[in-house]
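Visitor: Below: one structure in structure tokens.
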Amino acid sequence: MAAEERVNELDGMRGIATILVISYHIFKRGDYFTTNAILHFVTSLTLYGWYALDTFFVLSGFLITGILLRTKEEKHYFKNFYVRRSLRVFPLYYFVLALILFLMPRLDPDYVAEIPKSLPYYLFYQQNWFHFMTSVKGTEHLSVTWSLAIEEQFYLLFPFLVYYTRKETLAKVAGGIIFVSILARVLSAFLWEDVAQMTNFFFYNTFTRFEEISFGILIAVAFTYPDWKAKLTKIAMPVFLIAYPALLIIEAITSRDIGIPHPAYSNVPLTVVGYTLASIFAAALIVVLTTHDRMSLIRRIFRNKVLTFFGDHSYSIYLFHMPIGLTMLDYLWRNNYRGWQIYFLYIGLTFGITIFISMVTWNFLEKPMLNLKKYFDYKEPAK
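Taking the numbering used here, the leading residue of the sequence shown gets -19, the next gets one more, and so forth.
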């Protein structure tokens, strides 16, 4: 079965999420260099972008489910999916992993002794569990890979679920995951005494983050039914315009009371409703960007070249921005650079170097690997 035409607007959506993630991590570190109140305010705004990861999860669930549903009748369904997924994910990931661990004596000498214990977790995409362990620690240079671990854990078995169940059953499973996830958070808010432990658990735990992927699954399944797709098209924009501002309002209120608009930092309100609101607005936005008039303003904004560039290079940018940001921070701080100028210098250099390296790895590693997908392509069934 032939793959559907690529939707550039979804690349733009991924691009915005990438910019938000980088800004969240980099601006707050740039804040160390200045005491300027205006720049502190600018930095505080970037902290609202934690939900970008949820956007990635929802988008991933939608795209992967769509591919699996369209190719379910293929003779090489499992082989094609796993090989194509491996070509997309593994080469760059293991290259970055090897490079960072090789440079660890310079980047973080104190962590070298931890490598033998942590390496198996990195090799098999289990590093999100570091956040619940005391005997094994991860390195901050690879800290963002916890979300990749959750996705790979999910997609290890998900193709079997799609293959051996009907679409209706798949939708019920996804809906059940969402219901259980919401219920677990609500009950925990009342019963879990250690607030910090509770909010950390729901942010990094594998199973508690399947909710966002499940929203993407539901949209992909609904799109296979013309009536449901038409219904979603009608309500998508109103839902987006309600869910997104609602999330921002809750972030603003809780940041005033708690100090940071992030669910993992003992923020119970965001833990209870934030993940669901983020998933709802991301799912609604996907519907808007794939079904509304192609010449509408929102679709034209999301397919502009800047956003689609960040979307196309999102994987390498995501993997490289932390080690580059931490290295720049260490160099500038140790050499006693301070002031508002350094704030801008740090942010600019980190963004610039990250983008440059992502372009290099795209052309010399990612793109050659992706070209191999043609040998495992989805073909039209024989007539």
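We put the beta carbon where it would ideally sit given N, CA and C, even for glycine.
From a predicted model like this one, the values you see are computed outputs, not experimental measurements.
Evaluate contact between the stretch 32 to 43 and the stretch 66 to 78, counting only Cβ atoms and requiring at least three cross-stretch pairs below 8 Å.
Guide: With a cut-off of 8 Å, the stretch 66 to 78 and the stretch 32 to 43 do not count as touching, because too few Cβ pairs lie within range.
Visitor: Output yes or no for whether 8 Å exceeds the beta carbon distance between residue -14 and residue 294.
Guide: Residue numbering aside, residue -14 sits at position 6 when the sequence shown is read from its first letter. Residue numbering aside, residue 294 sits at position 314 when the sequence shown is read from its first letter. Result no, Cβ atoms of residue -14 and residue 294 do not sit closer than 8 Å.
Visitor: For residue 140, is the classification buried or exposed, using 16 other Cβ atoms within 10 angstroms of its Cβ as the cut-off for buried?
Guide: To locate residue 140, count along the sequence shown from 1; it is residue 160. Exposed, because fewer than 16 other Cβ atoms sit within 10 Å of the Cβ of residue 140.
Visitor: Decide if residue 445 is buried, meaning its Cβ has at least 16 other Cβ atoms within 10 Å, or exposed.
Guide: The first residue shown for the chain is -19 and the last is 363, placing residue 445 beyond what the model contains.
Visitor: Out of curiosity, what's the CA-to-CA distance linking residue 148 and residue 142?
Guide: In the sequence shown, residue 148 corresponds to position 168, counting from 1. In the sequence shown, residue 142 corresponds to position 162, counting from 1. Looking at the two C-alpha atoms, the distance is approximately 10 Å.
Visitor: Okay, do the stretch 170 to 190 and the stretch 126 to 137 touch, 3+ Cβ pairs below 8 Å being the bar?
Guide: yes
Visitor: Taking the beta carbon of residue 191 as the centre, do at least 16 other beta carbons fall within 10 Å, making it buried, or is it exposed?
Guide: If you number the sequence shown from 1, residue 191 lands on position 211. Burial call: buried.
Visitor: Quick one: Cα of residue 299 to Cα of residue 262, how far?
Guide: If you number the sequence shown from 1, residue 299 lands on position 319. If you number the sequence shown from 1, residue 262 lands on position 282. Residue 299 and residue 262: Cα-Cα distance of roughly 22 Å.
Visitor: Under the three-state reduction of DSSP, which class applies to residue 246: helix, strand or coil?
Guide: Sequence index remark: in the sequence shown, residue 246 carries index 266 (1-based). Note: residue 246 maps to coil in three-state DSSP.
Visitor: Kindly provide the ranges of any alpha helix (DSSP H) runs that are 4 or more residues long and lie completely inside the stretch 117 to 151, ordered along the chain.
Guide: DSSP runs (the alpha helix (DSSP H)) wholly in the stretch 117 to 151: 126 to 144.
Visitor: Where does residue -18 fall in DSSP's three states?
Guide: Stepping through the sequence shown from its first residue, residue -18 is reached at position 2. Annotation note: pLDDT 39 at residue -18 (below 50); position unreliable, coordinate value reported separately. DSSP places residue -18 in coil when its eight states are reduced to three.
Visitor: Looking only at its chain, what residues have a beta carbon closer than 6 Å to the beta carbon of residue 195, apart from the 5 residues adjacent to it on each side?
Guide: Mapped onto the sequence shown, residue 195 falls at position 215. 38, 259 and 263.
Visitor: So residue 2 and residue 282 are in contact, right, with Cβ under 8 Å, and what is the actual spacing, rounded?
Guide: Translated into positions along the sequence shown, residue 2 becomes position 22. Translated into positions along the sequence shown, residue 282 becomes position 302. Not quite, the Cβ-Cβ distance comes to about 18 Å (not below 8 Å), so this is no contact.
Visitor: Assign residue 363 to buried or exposed, taking buried as 16 or more other Cβ atoms, counted over all protein chains shown, within 10 Å of its Cβ.
Guide: Taking the sequence shown and counting its residues from 1, one reaches residue 363 at position 383. Confidence at residue 363 is low in this model, with a pLDDT of 39, below 50, so the placement of that residue should be treated as unreliable; the coordinate-derived value is given next. Answer is exposed; the Cβ neighbour count stays below 16.
Visitor: Could you give the uninterrupted runs of the alpha helix (DSSP H) lying entirely in the stretch 253 to 290, keeping only those of 4 residues or more?
Guide: 255 to 271 and 277 to 282
Visitor: Please confirm whether residue 248 and residue 175 have their CB atoms less than 8 Å apart.
Guide: Mapped onto the sequence shown, residue 248 falls at position 268. Mapped onto the sequence shown, residue 175 falls at position 195. Cβ distance < 8 Å, so residue 248 and residue 175 count as in contact.
Visitor: Assign residue 172 to one of three DSSP states: helix, strand, or coil.
Guide: Position 192 of the sequence shown, counting from 1, holds the residue named residue 172. Looking at residue 172 - three-state DSSP - the assignment turns out to be coil, as it is neither helix nor strand.
Visitor: Could you compute how far the alpha carbon of residue 301 sits from the alpha carbon of residue -2?
Guide: Walking along the sequence shown from the start, residue 301 turns up at place 321. Walking along the sequence shown from the start, residue -2 turns up at place 18. Going by the C-alpha atoms only, they are around 10 Å apart.
Visitor: Along the chain, where does the alpha helix (DSSP H) that runs through residue 4 open and close?
Guide: Along the sequence shown, one-based indexing puts residue 4 at 24. Where residue 4 is concerned, the enclosing alpha helix (DSSP H) stretches over -12 to 10.
Visitor: Would DSSP call residue 156 helix, strand or coil?
Guide: Here the question's residue 156 lines up with position 176 in the sequence shown. Per DSSP, reduced to three states, the secondary structure at residue 156 is helical.
Visitor: Can you list, in chain order, the residues of its chain with a C-beta nearer than 7 Å to that of residue 58? Leave out the 5 residues immediately preceding and following it.
Guide: One-based indexing of the sequence shown puts residue 58 at position 78. Same-chain partners within the cutoff: 139.
Visitor: Mind pulling the alpha helix (DSSP H) runs of 4 or more residues that sit fully within the stretch 309 to 363?
Guide: Taken in chain order, the complete alpha helix (DSSP H) segments of 4 or more residues contained in the stretch 309 to 363 are 320 to 341 and 347 to 351.
Visitor: Can you tell which of 216, 238 and 49 has its C-alpha closest to the C-alpha of residue 144?
Guide: Here residue 144 corresponds to residue number 164 of the sequence shown, with the count starting at 1. For the residues 216, 238 and 49, the minimum Cα distance to residue 144 belongs to 49.
Visitor: If we ignore side chains and look at the alpha-carbon of each, how far apart do residue 8 and residue 329 end up?
Guide: For this step, residue 8 is matched to residue 28 along the sequence shown. For this step, residue 329 is matched to residue 349 along the sequence shown. Computed Cα separation, rounded: 15 Å.
Visitor: How far does the alpha helix (DSSP H) with residue 46 in it extend, from its first residue to its last?
Guide: On the sequence shown, position 66 is the one that residue 46 refers to. 32 to 50 is the extent of the alpha helix (DSSP H) around residue 46.
Visitor: With respect to the alpha helix (DSSP H) encompassing residue 115, which residues constitute its N-terminal and C-terminal limits?
Guide: Numbered from its first residue, the sequence shown carries residue 115 at position 135. Annotation for residue 115: no alpha helix (DSSP H) segment contains it, and DSSP assigns it neither H nor E.
Visitor: In chain order, what residues of the same chain have a beta carbon less than 6 Å from the beta carbon of residue 64, not counting five sequence neighbours either side?
Guide: Numbered from its first residue, the sequence shown carries residue 64 at position 84. If we look at residue 64 and ignore the five residues flanking it on each side, its Cβ neighbours are 353 and 356.
Visitor: Considering only C-alpha positions, which residue in the set 211, 338, 105 and 154 is nearest to residue 45?
Guide: The residue given as residue 45 occupies position 65 in the sequence shown. Here the closest residue by C-alpha is 154.
Visitor: Output needed for residue 346: all residues of its chain with C-beta closer than 6 Å, excluding positions within five of it in sequence on either side, in chain order.
Guide: Looking up residue 346 in the sequence shown gives position 366. So the list reads 72, once near-sequence residues are dropped.
Visitor: Skipping 5 residues on each side, what residues in its chain have a beta carbon closer than 6 Å to that of residue 216?
Guide: Indexing the sequence shown from 1 puts residue 216 at position 236. Answer for residue 216: 264, 267 and 268, listed in chain order.
Visitor: Once the 5 residues before and after residue 253 are set aside, which same chain residues still bring their CB inside 7 Å of it?
Guide: If you number the sequence shown from 1, residue 253 lands on position 273. 230.
Visitor: Relative to the C-alpha of residue 313, which residue among 4, 14 and -11 is closest?
Guide: Stepping through the sequence shown from its first residue, residue 313 is reached at position 333. Taking only the C-alpha atoms, the option nearest residue 313 is 14.
Visitor: Can you tell me the Cα-Cα spacing of residue 351 and residue 342, whole angstroms?
Guide: As a position in the sequence shown, residue 351 is number 371, starting the count at 1. As a position in the sequence shown, residue 342 is number 362, starting the count at 1. The alpha-carbon atoms of residue 351 and residue 342 are separated by roughly 12 Å.
Visitor: Have a look at residue 159 and residue 165 and give me their C-alpha separation to the nearest angstrom.
Guide: Here the question's residue 159 lines up with position 179 in the sequence shown. Here the question's residue 165 lines up with position 185 in the sequence shown. Cα to Cα, the separation comes out at about 10 Å.
Visitor: Can you grab the Cα-Cα spacing for the pair residue 333 / residue 306, in whole Å?
Guide: Within the sequence shown, numbered from 1, the residue matching residue 333 stands at position 353. Within the sequence shown, numbered from 1, the residue matching residue 306 stands at position 326. Cα-Cα distance, rounded: 12 Å.
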